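Residue numbers (my numbering), protein chains in the order written: chain A, 1 to 85; chain B, 86 to 583.
Listed below in C-alpha cells is the structure:
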C-alpha cells in the first residue's frame, strides 16, 4: 500500500448522490468497487446479485476488473460510476 | 402653520437630484457599484415606483404592524402552544430562524447600498425605507427566536448560523454574495425581482398558511408582518428593469434573471421544499411544494416577466423537472446528514405521509421510497450506525449543495464537471455549470465544502467535521425530530402483516 491516496467521486447504482472516498492507487477496480459497496449496500441500497463494474462517467465501457487505479488517467475527485453487470 | 397635503410635496421631495460641485459624478456613483451599463442620469430620473410612501406614513404603519405581531407573541408567551406543537413544525421553525434572520440583515445592507449608490433619487428614497424594513425583519426574527432559547439551544442558531462554516450557511452565503455584490441594476434584478417577487411570496405566504394550520399564531403573524413589507419593496425592480430594457440592455437583464432564478431556486427547493413536503405536519399541509411552485412562482412570476419584457429562463424544461425531483433527493441527504444541522430533521415518511407523497409525486415509492425502505429497516433492526452516511457527498461548486439525481428505479445521478485553468470544478446541473462559464473569475476561487475537505481545512473524523461547522454533538447537533418513533408508522398494516 502506498501512502498517497486519491480522492474519487463515485456514483453507486441506485443511490441519490455522488459521494467521495480516498482510495489507495494500487488497488484494483474490483477492490475499489467493493470499497464503494461497503458504504452503500445496506445503508442506502439493498444488496443484489451481479458483478460490480467501474467506469468513468463519460465512458460507455468499464475498466478491466483487475486494472489498478494508478493505471487509469483519473485525477483528484474524478467522477466514476459503480454499477452492477 | 398649515400642513401641505402629501400630493403637494411628495413628487418634489422623492425625486430630488443635484449637480455635484466638489466631487465628480462618477466618483460619487462609481460604475461598478452604481450602473455597469452607464445609462444617462436622465434615464434614472424616470424611476417611478408603483407604491409610494413617506417616512411619516411608513413609521405610522410599521409601528402598528410591530404592535400587532409583538402583542400576539406576548399574549401567547405563557401558553403551552410551543411545548405542544408538532415536532416537525417546531424544527421547521428552527431551520427558518437560522436560515433567514441574518439573511434579512444582509438584505438591509443591500438596501442601504441602493439608498447610497443608485443614480435615481427616487430609488434612493424608497430604498431608505427598504433598509428599515430589512433591519426590522432581522430584529423581529431574532427577538421571536430567542423566546425559545431557554428551552432549546438550537434556537441560538438564529444569530449563529451565518457566523459558522455550517454547510447550509456556506451554501446560502455563496448565493447571496453572488446576488448582492453587483451594481444596482444587477442586484435589483437578482434580489428584488427574483428573491422577493419570485420566491419570497412562496416562502412567506406558504409558510404563513402552514403556520396557521399548525396553530403557531405567533409565527404566522410575524411572517405576515414581514410579507407586507416584501410585497412593497419587491416592486423596486420594475422601473429599473424597464429602464434597462428600454436602453437596449434586455439580453444583459435576461442573463441576470436567468442566473439568479436558478441559484435561488436550488437553495429554495432544498430549504422550503423539504419544509413543506416533509417538515409540515400532514394535516397542516395546504398544498404540496410543487403545487405552491406552480401557483405562486410559475403562473404569477411568468406573467410578471412578460410584463417586464423579459422571457422565461432558457432552462425552463429543466426547471419544471427539477420541481418534481430535486428537493426529494436533497431531503434524503439532509436527513441522513442530520447531525450537521442546527435543527432536528423530520423524516416525514410514515405510511400516511408516503401515501401523500406518492399521490403528489407519482413514482415516489419506486425512487426515493426505495432508499427510505433501507433506512427504515436499519432503524427497525437497531442498526443506527448504518443510518449515517459512510462517505461524504460531492458538493456542487455553484449551488454548494450535494450533487444529486434520481435514485432507485430511475437512477440518473450525474456530475456536470468542467475543467478550467487546470482545475476540475463539479456541478449539480448543466445550469450551475453554465452560470460558472458566464464569469469564471467571479467564482473560481471560492472553495466548496468538498474543496475544503480535500485541502485539509476540514478536520478528519465526524467530531472534527462537526466542530468545523460549529456544532456540538449532544448539545445543538441535529438528530431525528421524532426520536425515530415514526418507524412504528412507517409500514402500512398490510406490509407489517407480511
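C-beta atoms are modelled at their ideal positions from N, C-alpha and C, and glycine is treated no differently. None of the values given here were measured: they were computed from a predicted structure.
Residue-level contact check: residue 17/A touches chain B, since one or more beta carbons of chain B fall below 8 Å from its beta carbon. In this model, residue 360/B and residue 433/B are separated by some 10 Å (Cα to Cα).
Taken in chain order, the unbroken stretches of alpha helix (DSSP H) that lie wholly in the region 350 to 420 of chain B and span 4 residues or more are 374 to 377 and 385 to 393.
When rounded, the separation of the alpha-carbon atoms in residue 233/B and residue 486/B is 29 Å. Residues of chain A with a Cβ closer than 9 Å to the Cβ of residue 571/B do not exist; the shortest Cβ-Cβ separation is about 18 Å. Three or more beta-carbon pairs drawn from the region 453 to 472 of chain B and the region 37 to 47 of chain A are found closer than 8 Å, and the two stretches are therefore classed as touching.
CA-CA distance, residue 265/B to residue 311/B, rounds to 20 Å. Residues of the region 480 to 503 of chain B with a C-beta less than 8 Å from any C-beta of chain A: 487, 488, 489, 490, 491, 492, 493, 496, 498, 499, 500 and 502, listed in chain order. Boundaries of the beta strand (DSSP E) around residue 8/A: 6 to 12.
According to the DSSP secondary-structure assignment, residue 510/B is paired through a beta bridge with 503/B.
Classified as exposed, residue 548/B has fewer than 16 neighbouring CB atoms from the shown chains inside 10 Å of its CB. Annotation: residue 85/A has no Cβ neighbours in chain B at a cutoff of 9 Å; minimum Cβ distance is about 15 Å. In the structure shown, the three-state DSSP call for residue 204/B is coil. When secondary structure is reduced to three states using DSSP, residue 489/B falls in the strand class. At least 8 Å separates the CB of residue 29/A from every CB of chain B.
At a beta-carbon threshold of 9 Å, none of the residues of chain A lie near residue 432/B; the nearest stands roughly 14 Å away. Residue 76/A is positioned such that its CB atom lies closer than 8 Å to that of residue 539/B.
Residue state for residue 121/B is assigned as coil, using DSSP reduced to three classes.
From the beta-carbon of residue 356/B, no residue of chain A is found nearer than 7 Å; the closest lies around 17 Å away.
Rounded to the nearest whole angstrom, the CA to CA distance from residue 396/B to residue 262/B is 25 Å.
With respect to the 8 Å criterion, residue 243/B and residue 231/B are classified as neighbours on the basis of their beta carbons. Contact between residue 357/B and residue 418/B does not hold, since the beta-carbon distance rounds to 16 Å and is not under 8 Å. Of all residues in the region 396 to 427 of chain B, those with a C-beta nearer than 7 Å to a C-beta of chain A are 414, 417 and 418, reading in chain order.
Here residue 252/B is buried, its C-beta having at least 16 other C-beta atoms within 10 Å. Listed in chain order, the beta strand (DSSP E) runs fully inside the region 139 to 221 of chain B amount to none, counting runs of at least 3 residues. Counted as a single uninterrupted DSSP element, the stretch harbouring residue 525/B is not any beta strand (DSSP E) but the alpha helix (DSSP H) occupying residues 525 to 528.
Beyond the five residues adjoining it in sequence on each side, residue 411/B comes within less than 6 Å, by CB distance, of 354 in the same chain, given in chain order.
Under the 10 Å beta carbon count, residue 406/B is surrounded by fewer than 16 other beta carbons and is classified as exposed. Within the region 39 to 56 of chain A, those residues whose Cβ lies closer than 7 Å to any Cβ of chain B are, in chain order, 39, 42, 43, 44, 45 and 46. Contact between the region 282 to 301 of chain B and the region 551 to 570 of chain B is absent: fewer than three C-beta pairs spanning the two stretches fall below 8 Å. Its Cα nearest to that of residue 442/B, the residue 367/B stands out among 118/B, 161/B, 367/B and 324/B. Collapsing the DSSP output to three states places residue 234/B in coil. Per the coordinates, the alpha-carbon of residue 563/B lies some 11 Å from the alpha-carbon of residue 238/B. Beyond the five residues adjoining it in sequence on each side, residue 147/B comes within less than 7 Å, by CB distance, of 221 in the same chain, given in chain order. By the rule that beta-carbons nearer than 8 Å mark a contact, residue 505/B does not touch chain A. Under DSSP, residue 79/A forms a beta bridge with 9/A.
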